[in-house]
Every structure is written in C-alpha cells, then in structure tokens.
Amino acid sequence: MPSPYRAIFSAPGSRGFSAAGFVGRLPLSMMGIGIVTMISQLTGRYGLAGALSATVALSAALIGPQISRLVDLHGQRRVLRPATLVALTAVTGLLLSAQFSLPDWSLFLFAAGIGAVPSIGSMVRARWAALYRDQPRQLHTAYSFESVIDEACFIFGPIVSIGLSTTWFPEAGPLLAAVFLATGVFSLTAQRATEPVPHPREHHTKGSALRAGGLQVLVGTFVATGAIFGAVDVVTVAFAEEQGHKGAASLVLATYAAGSCLAGVVFGLLHFGGAPARRWLLGVVAMGVSMIPLQLVGNLPFLAVALFVAGLCIAPTMITTMALVEQHVPRAKLTEGMTWVSTGLAVGVALGSSVSGWVIDAAGARAGYWVPAAAGAAAVLVGFLGYRRLSSPAPQREGPDGRAADAGQHQDGEPGTHPERDLA
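Per the UniProt record's numbering, the very first residue in the sequence shown carries number 1; after that it's consecutive.
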C-alpha cells in the first residue's frame with residue numbers, strides 16, 4: 001500500500017475490524033444480484049426478479065436507519081447480532097420458497113425480512129472515526145480506503161454470486177451471501193476494543209438526522225444514483241443473456257466497480273483546495289453523463305469499457321458526499337447519518353431494479369439502458385436544485401456533550417473541526 005494507507009493501520013485493532021467489514025459487506029453486492037439471477041434461472045421472469053431485489057432494497061431503506069439509531073444508543077454488539085439473525089432467517093425462507101415454487105407473496109414476505117441486514121459500512125466507518133477523531137488527514141485516508149473496499153466488494157461479489165448461481169445451483173449466490181453476512185457481523189461485533197462508545201439518550205437531539213437540509217439534498221441525489229446502480233445490474237444480466245453469455249455479466253459488472261476502485265485509491269492520496277460542494281456537484285454531473293454511452297452498446301466488450309469509464313466517477317463522488325454529510329449531521333447521530341445516505345442508495349436501487357425489470361420484459365435488454373440514463377439526469381437535476389443548501393454553512397448543531405458544534409468546513413475540503421462525524 002502507499003504510505004498514507006499503511007499509516008492508518010498502525011492503530012491497534014484497525015486491521016481486524018476493517019477485514020471483518022469487508023466480509024460483512026460482500027452481501028451488499030451479492031444478495032440483490034443473486035436474487036435476480038436465482039429467480040431468472042428458476043422462472044425466467046425478470047420483472048419478478050427485479051421486484052424482489054427492489055423489495056430487499058426498500059426494506060433495508062426503511063429498517064436500516066432505525067437499526068443504526070439503536071446502535072448510536074446501545075452499541076454495535078447489542079443491536080447488530082439480533083438484527084442479523086432476523087435477516088438470516090428471512091434469507092433461509094426466501095431460498096426455500098424459491099426452491100419449492102411457493103406463491104409469489106411468500107417470496108416478497110421473506111425478501112422484506114432481508115432488509116434487517118445492518119449497514120456494515122457505517123459501522124466500520126464509525127470505528128475509524130473513534131480511532132482518528134483528532135487526525136482529519138488520517139480520517140480522509142481511512143474513509144477513502146473504505147470506499148475502495150466498497151468497490152472491491154462490488155468487483156468480487158457479483159462474480160461469485162452470478163458465477164455460483166449459473167454454474168452450481170440457482171440458490172448458491174444468495175446462500176453464500178448469507179454465510180458472509182453471518183461471518184462478518186459476528187467477527188466485527190466480537191472486537192469490543194474498537195467499538196464506539198454509545199451516546200446516552202440525553203445527548204441525542206429530537207427527531208431524525210434527516211431533518212438537516214443538506215443531508216436531505218444528499219439523500220435525494222443518491223436515490224437517483226442508486227437507481228443507476230440497480231438498473232445497470234439488472235439490465236447487464238439481461239443483456240449478457242441476450243448475447244448468449246449470461247455468466248459473463250459478473251465480469252462486465254466487475255469492470256464498473258474496478259473503475260470506481262481505481263479512482264478511489266488515487267482520490268485517497270490527494271488533498272484538494274476549494275469547497276467540497278463544488279467537487280460533489282461535478283462528480284454528480286460526471287456520473288449522469290457517463291450513462292449516455294450505454295445507449296450505444298452493441299456487444300459485451302464495448303459495454304465493459306463504457307462501464308469502466310463510468311465507474312471512475314463513483315468513488316470520488318461518494319467520498320466527497322460523506323465529507324459533506326459530516327457538515328450537516330449532529331455528532332450524536334453519526335451512525336444514523338451515514339446510514340441515511342445508504343438508505344437513499346437502497347431506495348434508488350429498488351426503483352432502478354424494479355423499473356428496469358419491467359422495461360426488459362416489455363422491450364428487451366437494450367431498451368433497459370434508458371433507465372440508468374434517466375436516473376442520471378434526475379441526479380444532476382436534484383444536485384443543481386440543492387446545491388445552495390450544501391454550499392451554505394450548516395446551522396449550529398448539538399454535540400455529544402450537549403454543547404453546540406460548528407459546521408467547521410475547512411477550505412481544503414478536509415474534515416471539519418469534529419472529524420469523528422466525517423463520513424467519507
């Protein structure tokens with residue numbers, strides 16, 4: 001690793017919880033696409049497959065922030081283990097329902113239960129925040145590294161999930177995702193030394209972290225961004241099948257994540273001047289524009305190149321987004337604030353997966369690529385409309401000690417005066 005990345009792992013326990021977080025996050029990229037592959041293999045119904053994947057994402061969007069709010073109050077170990085057991089039970093029910101061709105309503109019921117999967121990325125970032133609360137540069141590097149880990153999950157996860165479901169048996173992808181979830185969560189929560197100390201209830205401001213205007217803009221934009229991701233996943237699987245190489249969809253999707261991974265590694269080594277809101281808006285515009293070439297795809301190699309280029313926009317935009325979240329979220333709502341961004345993505349993934357599945361069933365896979373293009377345009381529109389909220393100083397916020405905390409935006413775009421809230 002370059003020296004800035006090596007340096008962040010000098011803290012005791014950092015290697016352990018980051019490794020556990022990687023394993024625990026693999027289901028994020030495996031479960032949805034695994035369900036799509038499984039259902040399409042068993043029934044040939046992409047509309048049903050996309051709707052089930054959307055149900056998982058929507059359920060996670062509703063349940064995830066509530067789990068994270070409980071984590072802020074009671075700690076990771078006490079909350080994550082029961083929530084994970086609920087999700088694992090739901091996965092088991094979904095696989096059995098699919099295997100025995102039970103009614104569709106049973107599939108949707110268990111898919112909704114999978115939404116109890118906790119936001120492992122938020123939990124890991126909260127641990128980094130506790131380690132480097134007074135060292136903003138190390139936090140920037142640590143959060144950039146975690147963004148790279150996110151993308152690594154999206155490189156390997158779909159390859160494994162689609163590959164197993166198409167060459168072994170249809171349920172193999174979601175089944176292995178459940179194994180990774182159990183392993184990651186129970187390993188992470190066993191590491192008590194780095195677990196952030198819960199905030200007492202009296203230190204929490206009333207209401208949700210989503211009341212912050214800046215956070216609302218970020219979440220709204222990432223609903224559209226999530227729709228891009230969800231649609232690209234489903235349409236790419238269908239397009240690869242039309243080309244006669246369904247198993248190659250995992251490799252094509254891996255190039256999308258590889259582009260983001262590469263950009264994230266480089267971005268973590270850089271330090272920028274100027275307002276982060278401007279860089280964020282530029283990243284959103286770039287993501288939207290990168291969807292246009294997908295309308296011209298005629299074969300899988302061209303699609304892989306187009307998705308790699310599009311992926312270069314993702315990680316830098318995500319890292320800058322989390323730096324902006326830091327400026328608009330109360331300190332005592334750290335985990336909840338991070339999870340709301342993931343929630344926006346989850347809602348978008350649900351919409352993108354569902355709508356693209358319907359378009360594929362009605363007009364074919366190539367027509368499905370209009371869905372991520374429309375989602376990209378929506379992200380750009382919301383970004384421009386909400387830019388003023390992000391570029392304006394955030395109002396005073398209450399810290400965990402009950403005192404007001406400044407927004408603390410640095411001119412170089414580094415984390416603010418309270419880096420324990422940095423969410424890059």
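In this text, a Cβ means the ideal position worked out from N, Cα and C, and glycines have one as well.
Legend entry - ARG127 to ILE35 span [Cα, whole Å]: The sequence position of residue 127 within the sequence shown is 127, counting from 1. The sequence position of residue 35 within the sequence shown is 35, counting from 1. Each residue's alpha carbon lies about 31 Å from the other.
Legend entry - Simplified DSSP state of ILE244, which is helix, strand or coil: To locate residue 244, count along the sequence shown from 1; it is residue 244. It should be pointed out that residue 244 corresponds to Gly in this sequence rather than to Ile. Reduced to three states, the DSSP call for GLY244 is coil.
Legend entry - Spatial neighbours of ILE8 in its chain, beta-carbon cut-off 7 Å, leaving aside the 5 residues before and after: Numbered from 1 along the sequence shown, position 8 holds the residue referred to as residue 8. For ILE8, where only same-chain residues beyond five positions count, the Cβ hits under 7 Å are SER14, GLN138, THR141, ALA142 and PHE145.
Legend entry - VAL23: first and last residue of the uninterrupted alpha helix (DSSP H) it sits in: Residue 23 sits at position 23 when you count from the first residue of the sequence shown. Judged by DSSP secondary structure, VAL23 falls within the alpha helix (DSSP H) whose first and last residues are 14-43.
Legend entry - Nearest to VAL23 (by Cα), restricted to the options SER101, LEU73, ARG78 and GLY121: Start at 1 with the first residue of the sequence shown, and residue 23 comes out as number 23. Ranking SER101, LEU73, ARG78 and GLY121 by Cα distance to VAL23 puts GLY121 first.
Inset, instruction - Tell me, please, whether the segment 254-272 touches the segment 162-175 by the rule of three or more beta-carbon pairs shorter than 8 Å. - result: The segment 254-272 vs the segment 162-175: no contact.
Legend entry - Residues near ARG125 by beta carbon distance below 7 Å, same chain, minus five either side: Locating residue 125 in the sequence shown gives position 125, where the first residue counts as 1. So the list reads TYR143, GLU146, MET338 and LEU423, once near-sequence residues are dropped.
Legend entry - Residues of its chain near THR55, where Cβ-Cβ distance is below 6 Å and the 5 sequence neighbours each way are ignored: Start at 1 with the first residue of the sequence shown, and residue 55 comes out as number 55. Counting only Cβ-Cβ distances below 6 Å, and skipping sequence neighbours, we find PHE108, ALA111 and ALA112.
Legend entry - SER161 to SER59 span [Cα, whole Å]: Indexing the sequence shown from 1 puts residue 161 at position 161. Indexing the sequence shown from 1 puts residue 59 at position 59. CA-CA distance, SER161 to SER59, rounds to 21 Å.
Inset, instruction - Taking the CB atoms as reference points, tell me whether ALA373 and MET291 lie closer together than 8 Å. - result: Position 373 of the sequence shown, counting from 1, holds the residue named residue 373. Position 291 of the sequence shown, counting from 1, holds the residue named residue 291. Yes, the Cβ-Cβ distance between ALA373 and MET291 is below 8 Å.
Inset, instruction - Check the C-beta distance from ILE228 over to GLY376 and give it rounded, since I have them as a contact under 8 Å. - result: As a first step, residue 228 must be located in the sequence shown, where it is residue number 228. As a first step, residue 376 must be located in the sequence shown, where it is residue number 376. The Cβ separation is near 6 Å, so the contact holds.
Inset, instruction - Assign GLU242 to one of two classes, buried (16 or more other C-beta atoms within 10 Å of its C-beta) or exposed (fewer than that). - result: Translated into positions along the sequence shown, residue 242 becomes position 242. Within 10 angstroms of the beta-carbon of GLU242 lie fewer than 16 other beta-carbons, which makes it exposed.
Legend entry - Residues of its chain near LEU52, where Cβ-Cβ distance is below 7 Å and the 5 sequence neighbours each way are ignored: Here residue 52 refers to the residue found at position 52 of the sequence shown. Closer than 7 Å at the Cβ level, and outside the excluded window around LEU52, lie ILE35, ILE39, LEU107, PHE108 and ALA111.
Legend entry - Rounded separation between HIS234 and ARG366 - CA only: Translated into positions along the sequence shown, residue 234 becomes position 234. Translated into positions along the sequence shown, residue 366 becomes position 366. A small fix is needed here, since residue 234 is Val in this sequence, not His. Each residue's alpha carbon lies about 11 Å from the other.
Legend entry - Distance, LEU251 Cα to VAL305 Cα: Position 305 of the sequence shown holds residue 305. Position 251 of the sequence shown holds residue 251. A straight line joining the alpha-carbon of VAL305 with that of LEU251 spans about 11 Å.
Inset, instruction - Along the alpha helix (DSSP H) that carries PRO170, what are the first and last residues, could you check? - result: Here residue 170 is taken as the residue at index 170 of the sequence shown, counted from 1. It is not in any alpha helix (DSSP H) - PRO170 carries neither H nor E in the DSSP assignment.
Inset, instruction - Go through the segment 278-359 residue by residue and report every complete run of the alpha helix (DSSP H) that reaches 4 residues or more, in order. - result: Within the segment 278-359, the complete alpha helix (DSSP H) runs of at least 4 residues are 300-311 and 314-326.
Inset, instruction - Closer than 7 Å by C-beta to LEU42: which residues in its own chain qualify, once you throw out the five before and the five after it? Chain order, please. - result: Here the question's residue 42 lines up with position 42 in the sequence shown. Once the five neighbours on either side are set aside, the close Cβ partners of LEU42 are ALA98 and PRO170.
Inset, instruction - Apply the 10 Å Cβ neighbour rule to TRP340 and answer buried if 16 or more other Cβ atoms are within range, or exposed otherwise. - result: As a first step, residue 340 is located in the sequence shown; it is residue number 340 there, counting from the start. Counting Cβ neighbours within 10 Å, TRP340 comes out buried, since at least 16 surround it.
Inset, instruction - Since I believe VAL382 is in contact with THR236 (beta carbons under 8 Å), could you give me their beta-carbon distance rounded to a whole number of angstroms? - result: In the sequence shown, the residue the question calls residue 236 occupies position 236. In the sequence shown, the residue the question calls residue 382 occupies position 382. About 25 Å; that fails the 8 Å criterion.
Legend entry - With 16 other Cβ atoms within 10 Å as the buried cut-off, status of PHE154: The sequence position of residue 154 within the sequence shown is 154, counting from 1. By the neighbour-count rule (16 or more Cβ atoms within 10 Å), PHE154 is buried.
Legend entry - Which of helix, strand or coil DSSP assigns to PHE100: Translated into positions along the sequence shown, residue 100 becomes position 100. Note: PHE100 maps to coil in three-state DSSP.
Legend entry - Same chain only: Cβ atoms within 7 Å of VAL86, ignoring 5 sequence neighbours per side: Start at 1 with the first residue of the sequence shown, and residue 86 comes out as number 86. Counting only Cβ-Cβ distances below 7 Å, and skipping sequence neighbours, we find GLY113 and ALA116.
Legend entry - Beta-carbon proximity of THR255 to GLY283, cut-off 8 Å: For the purposes of this step, residue 255 is taken as the residue at position 255 of the sequence shown. For the purposes of this step, residue 283 is taken as the residue at position 283 of the sequence shown. No, the Cβ-Cβ distance between THR255 and GLY283 is not below 8 Å.
Inset, instruction - Please classify GLN295: is it buried, with 16 or more other beta-carbons within 10 angstroms of its beta-carbon, or exposed? - result: Working through the sequence shown from its first residue, we reach residue 295 at position 295. Here GLN295 is exposed. Its C-beta has fewer than 16 other C-beta atoms within 10 Å.
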